[in-house]
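Just below is one structure, and these are the notes that go with it.
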Amino acid sequence: MNTGKILCSIAIMAGTTYLIRVLPMVIFRKKIENPFIKSFLNYVPYAVLSAMTFPAIFESTGSTASAAVGCATAVVLAYLGKGLLTVAIGASAAVFAAQLIGL
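Take the sequence shown: its position 15, counting from 1, is numbered 35 in the working numbering, and each next residue is one higher.
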């Protein structure tokens, strides 16, 4: 993956997250009371970020199997409450180990 594609992906994710947070403040002058809309606005940035990140995860290695191992490792570590650095290093180590054994 080249640097331009990575920077473009980061810019799109940042812009999307920013717009979703700012537009309600610009459009609506009074406080939003509807629990459905509040919930929707809270979860949309995570959904957009996931939709843009997961395809990149599976295209980042030479093998889909090793990418799946890394993704599964990251999900498990995150579920266990580990920090971002621990999750990133653990997933990278899992992909490295999977590629060493030939997956």
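Beta carbons are placed, not taken as given, at the ideal position from N, Cα and C, and that holds for glycine. This structure is a prediction, so every number in the text was calculated from the model and none was measured.
{"Query": "Do residue 107 and residue 87 have their C-beta atoms within less than 8 Å of each other?", "Result": "no"}
{"Query": "Are residue 90 and residue 111 close, meaning C-beta to C-beta below 8 Å?", "Result": "yes"}
{"Query": "Closest to residue 61 by C-alpha separation, out of 32, 40, 117, 50, would be which residue?", "Result": "40"}
{"Query": "Please identify the residue among 26, 43, 49 whose C-alpha is closest to the C-alpha of residue 65.", "Result": "43"}
{"Query": "Whole angstroms are fine: how far does the CA of residue 28 sit from the CA of residue 96?", "Result": "28 Å"}
{"Query": "Which residues in the same chain have their Cβ closer than 8 Å to the Cβ of residue 81, if we skip the five residues on either side of it in sequence?", "Result": "87, 90, 115, 119"}
{"Query": "To the nearest angstrom, report how far apart residue 23 and residue 33 are at their CA atoms.", "Result": "15 Å"}
{"Query": "If I follow the unbroken alpha helix (DSSP H) through residue 93, where does it start and stop?", "Result": "84 to 99"}
{"Query": "With distances taken Cα to Cα, identify the nearest neighbour of residue 37 among 47, 67, 79.", "Result": "67"}
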